[in-house]
Amino acid sequence: LKSPSAPLSHRTPLPRNSQPFPAAMEYSDRGYGGLYPPPDPRPIPGGPLGTGVIGFYYPDREEPCDRMCGSSFLGNFYDLKPLGRISLKGLSFDNAEAAFQALKFWRRAEAFQGLSGTEAVEKKKHFSGNEDRSYASYGSNWLAMLAVLRQKFKRGSRMAQALLKTDGVVLLEHNPVKGRDSVWSNNSDGSGSNWLGLQLMMIRHELGGHGIQGLPTWIDLQTGKPQSRDGQFHWQGIVKSATETLVDALPRRSFIEWSPYETFFGGGAPQRPPEQGQRRTRSAAAGPYREPFDHGSGPTRTVQLDPAVRDYRCHQAGAQQRQRRSATPGRRASRGAQAREPGGYANEGDDKRVSPSRLCPSCSFM
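FYI, the numbering for the sequence shown is 9 to 374, going by my numbering.
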């Protein structure tokens with residue numbers, strides 16, 4: 009008898025470890041009926057393939073790309089509760105990052121149980137120098153992560169259903185900070201390898217979705233490394249183009265870093281500056297100084313504004329200062345003998361002094 013020919017829809021299997029050491033790794037979907045529907049991702053039109061781009065990151069909180077694309081579930085820090093969990097060696101992990109770090113530090117796997125993604129990354133710093141370079145016999149970080157993601161997006165689970173909703177779309181882990189990760193993410197500017205996005209597209213292809221034509225000839229699916237220089241050129245071009253599409257669609261932001269004498273001059277009483285080293289960030293499109301700020305940390309204390317926002321604020325500050333000067337000519341004349349700071353007010357209260365060179369390096373309104 010002749011053996012039946014392979015169907016036309018046959019797909020080349022992805023690399024598998026036939027006898028993995030942590031054989032008990034599996035994803036359990038708890039169900040809950042329709043109480044917790046699967047996520048609903050939203051691609052950005054266009055991109056290198058014309059099918060759209062979905063950016064994600066989710067460092068235990070939603071980034072702008074996560075909110076815009078509805079893609080938090082793709083991030084490794086995404087909390088799987090209450091939909092499911094990843095089980096390994098009799099332990100349970102609530103996110104893919106904790107499970108991956110457990111493979112990396114196999115002798116301390118139990119230490120990562122019940123941790124969030126951020127806590128798992130912090131915990132690994134305490135175990136630095138004790139890494140299992142075999143990744144619990146999976147062989148490499150590429151294959152270990154692939155095993156974890158296969159369980160997270162196990163066939164038939166709600167997470168797998170959500171992943172299939174991205175069919176044909178380029179998946180991009182968009183790290184907002186350049187230099188933080190050039191392997192698993194796009195390194196912010198498209199120069200990274202985007203391994204995490206690549207593996208998710210590989211798993212989506214295995215589940216029945218569409219893959220990227222020519223990808224197996226560009227990338228070695230056993231290692232994640234390019235097959236050739238041409239392969240690297242093609243894949244990096246896709247990552248770069250997808251990054252440009254995503255960045256163009258993201259809302260623009262302006263970053264304001266304070267110095268001790270800088271105050272908001274959009275009206276009202278001066279606001280108290282944050283503690284030394286703190287930075288306040290807001291969206292430039294929300295209007296001048298009307299909403300609370302998100303606190304962060306920054307090493308410098310300079311002002312970096314979007315040009316349009318900067319010009320508006322400089323004009324507004326100049327008008328307010330001229331109005332105050334014309335309203336109180338006698339008071340200012342009586343203080344003419346007092347010392348004045350270059351480009352600023354007389355000593356009428358330190359909390360109201362504003363240096364134009366500090367606020368706007370390219371113009372002066374005094």
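Every residue gets a Cβ at the ideal spot worked out from N, C-alpha and C, and that includes glycine.
None of the values given here were measured: they were computed from a predicted structure.
field: Cβ separation of S190 and G200, assumed to be a contact under 8 angstroms, to the nearest whole Å
entry: Residue numbering aside, residue 190 sits at position 182 when the sequence shown is read from its first letter. Residue numbering aside, residue 200 sits at position 192 when the sequence shown is read from its first letter. With a Cβ gap of about 4 angstroms, S190 and G200 count as contacting.
Reduced DSSP category for R93 - H, G, I as helix; E, B as strand; rest coil: Here residue 93 refers to the residue found at position 85 of the sequence shown. Of the three classes helix, strand and coil, the one that applies to R93 here is strand, per DSSP.
task: Please determine if the segment 104-115 and the segment 128-144 are in contact, where contact requires at least 3 C-beta pairs separated by less than 8 angstroms.
output: yes
Beta carbon of D48 nearer than 8 angstroms to that of K173: Translated into the one-based positions of the sequence shown, residue 48 becomes position 40. Translated into the one-based positions of the sequence shown, residue 173 becomes position 165. Closer than 8 angstroms, so yes.
task: Could you please give me the residues that DSSP links to E181 through a beta bridge?
output: Here residue 181 refers to the residue found at position 173 of the sequence shown. E181 pairs with F64.
message: Which same chain residues end up closer than 7 angstroms to Q235 when comparing Cβ atoms and leaving out the 5 residues on each side of it in sequence?
response: What you label residue 235 is simply residue 227 of the sequence shown in a count that begins at 1. T225, W226, I227 and D228.
task: Have a look at the DSSP bridge pairing and note the partners of L151.
output: As a working mapping, residue 151 is identified with position 143 in the sequence shown. Its beta-bridge partners do not exist; DSSP assigns none.
query: Are the Cβ atoms of G54 and G63 separated by less than 8 angstroms?
result: Counting from 1 along the sequence shown, the entry for residue 54 is found at position 46. Counting from 1 along the sequence shown, the entry for residue 63 is found at position 55. Not in contact: G54 and G63 (Cβ atoms no closer than 8 angstroms).
message: Please state whether the Cβ-Cβ distance between G205 and H213 is less than 8 angstroms.
response: In the sequence shown, the residue the question calls residue 205 occupies position 197. In the sequence shown, the residue the question calls residue 213 occupies position 205. In this structure, H213 does not lie closer than 8 angstroms to G205 by Cβ.
query: Per the contact definition of three or more C-beta pairs closer than 8 angstroms, is the segment 65-75 in contact with the segment 147-159?
result: no
query: For the candidate residues S196, G326 and I211, whose alpha-carbon lies nearest to that of G164?
result: In the sequence shown, residue 164 corresponds to position 156, counting from 1. If we check each option's Cα against that of G164, I211 comes out closest.
query: Taking Cβ to Cβ, would you say V247 is nearer than 8 angstroms to N194?
result: Mapped onto the sequence shown, residue 247 falls at position 239. Mapped onto the sequence shown, residue 194 falls at position 186. Contact flag set, yes.
- prompt: What do you get for D256, buried or exposed, if any count of 16 or more other CB atoms within 10 angstroms of its CB means buried?
  reply: Counting from 1 along the sequence shown, the entry for residue 256 is found at position 248. Looking at its Cβ environment, which holds fewer than 16 other Cβ atoms inside 10 Å, D256 is exposed.
query: Between H182 and G217, what straight-line distance do the alpha-carbon atoms span, to the nearest angstrom?
result: The residue labelled residue 182 in the question sits at position 174 within the sequence shown. The residue labelled residue 217 in the question sits at position 209 within the sequence shown. Going by the C-alpha atoms only, they are around 22 angstroms apart.
message: Going by DSSP, what residue range makes up the beta strand (DSSP E) through D101?
response: Within the sequence shown, the letter at position 93 stands for residue 101. Note on residue identity: the sequence assigns Phe, not Asp, to residue 101. Where F101 is concerned, the enclosing beta strand (DSSP E) stretches over L99 to F101.
- request: Apply the 10 Å Cβ neighbour rule to V177 and answer buried if 16 or more other Cβ atoms are within range, or exposed otherwise.
  value: As a first step, residue 177 must be located in the sequence shown, where it is residue number 169. The residue is buried, with at least 16 neighbouring Cβ atoms inside 10 Å.
query: How big is the Cα-Cα spacing for P45 and G232?
result: Residue numbering aside, residue 45 sits at position 37 when the sequence shown is read from its first letter. Residue numbering aside, residue 232 sits at position 224 when the sequence shown is read from its first letter. C-alpha separation (whole angstroms): 33 angstroms.
field: Beta-carbon proximity list for K186, same chain, < 7 angstroms, skipping 5 on both sides
entry: Taking the first residue of the sequence shown as position 1, residue 186 is located at position 178. Hits under 7 angstroms: N195, S196 and D197.
query: Exposed or buried, what is R1 when buried is set at 16 or more other beta-carbons lying within 10 Å of its beta-carbon?
result: Because the chain is modelled from 9 through 374, residue 1 falls outside the range shown and cannot be assessed.
query: Can you tell me whether A152 is buried or exposed, with buried defined as 16 or more other CB within 10 angstroms of its CB?
result: Counting from 1 along the sequence shown, the entry for residue 152 is found at position 144. Buried, by the Cβ-count rule.
field: K132, buried or exposed, once every other Cβ within 10 Å from all chains shown has been counted against 16
entry: Within the sequence shown, residue 132 is the residue found at index 124, counting from 1. The residue in question, K132, is buried, as its Cβ has 16 or more Cβ neighbours within 10 Å.
- prompt: Taking C-beta to C-beta, are L215 and L157 nearer than 8 angstroms?
  reply: Stepping through the sequence shown from its first residue, residue 215 is reached at position 207. Stepping through the sequence shown from its first residue, residue 157 is reached at position 149. No, Cβ-Cβ distance for L215 and L157 is not below 8 angstroms.
Where H134 falls, given that 16 or more other Cβ within 10 Å makes a residue buried: On the sequence shown, residue 134 is found 126 positions in, with the first residue counted as 1. By the 10 Å Cβ count, H134 comes out exposed.
- prompt: Should P90 go down as buried or exposed, given a rule of 16 or more other Cβ atoms within 10 Å for buried?
  reply: Sequence index remark: in the sequence shown, residue 90 carries index 82 (1-based). When all chains shown are included, P90 counts as exposed.
message: For a test of the three-state rule: what should DSSP assign to P51, helix, strand or coil?
response: Residue numbering aside, residue 51 sits at position 43 when the sequence shown is read from its first letter. In this structure, P51 counts as coil in the three-state DSSP scheme.
- prompt: Which residue's Cα is closest to the Cα of A104: M76, L154, L254 and S334?
  reply: In the sequence shown, the residue the question calls residue 104 occupies position 96. Ranking the options by Cα distance to A104, first place goes to L154.
message: Please list the terminal residues of the continuous alpha helix (DSSP H) segment that includes K415.
response: With the chain covering only 9 through 374, there is no way to say anything about residue 415.
query: Closest to Q240 by CA distance: which of E252, K97, L254 and N202 is it?
result: Residue numbering aside, residue 240 sits at position 232 when the sequence shown is read from its first letter. Out of E252, K97, L254 and N202, N202 has the C-alpha closest to the C-alpha of Q240.
message: Looking at P66: is its Cβ nearer than 8 angstroms to the Cβ of G78?
response: Numbered from 1 along the sequence shown, position 58 holds the residue referred to as residue 66. Numbered from 1 along the sequence shown, position 70 holds the residue referred to as residue 78. According to the sequence shown, residue 66 is Tyr rather than Pro. It is not a contact, given that the beta carbons lie outside the stated cut-off.
- prompt: Who does I227 pair with in a DSSP beta bridge?
  reply: Position 219 of the sequence shown, counted from the first residue, corresponds to residue 227. Per DSSP, P234.
- request: Leaving out five residues on either side along the sequence, give the residues of the same chain with a beta carbon under 7 angstroms from the beta carbon of L123.
  value: For the purposes of this step, residue 123 is taken as residue 115 along the sequence shown, with counting starting at 1. A106 and K131, listed in sequence order.
message: Mapping the DSSP letters down to three states, classify S193 as helix, strand or coil.
response: Within the sequence shown, residue 193 is the residue found at index 185, counting from 1. Coil.
message: What does the alpha-carbon distance come out to for the pair D102 and Q169?
response: For the purposes of this step, residue 102 is identified with residue 94 of the sequence shown, where counting begins at 1. For the purposes of this step, residue 169 is identified with residue 161 of the sequence shown, where counting begins at 1. C-alpha separation (whole angstroms): 19 angstroms.
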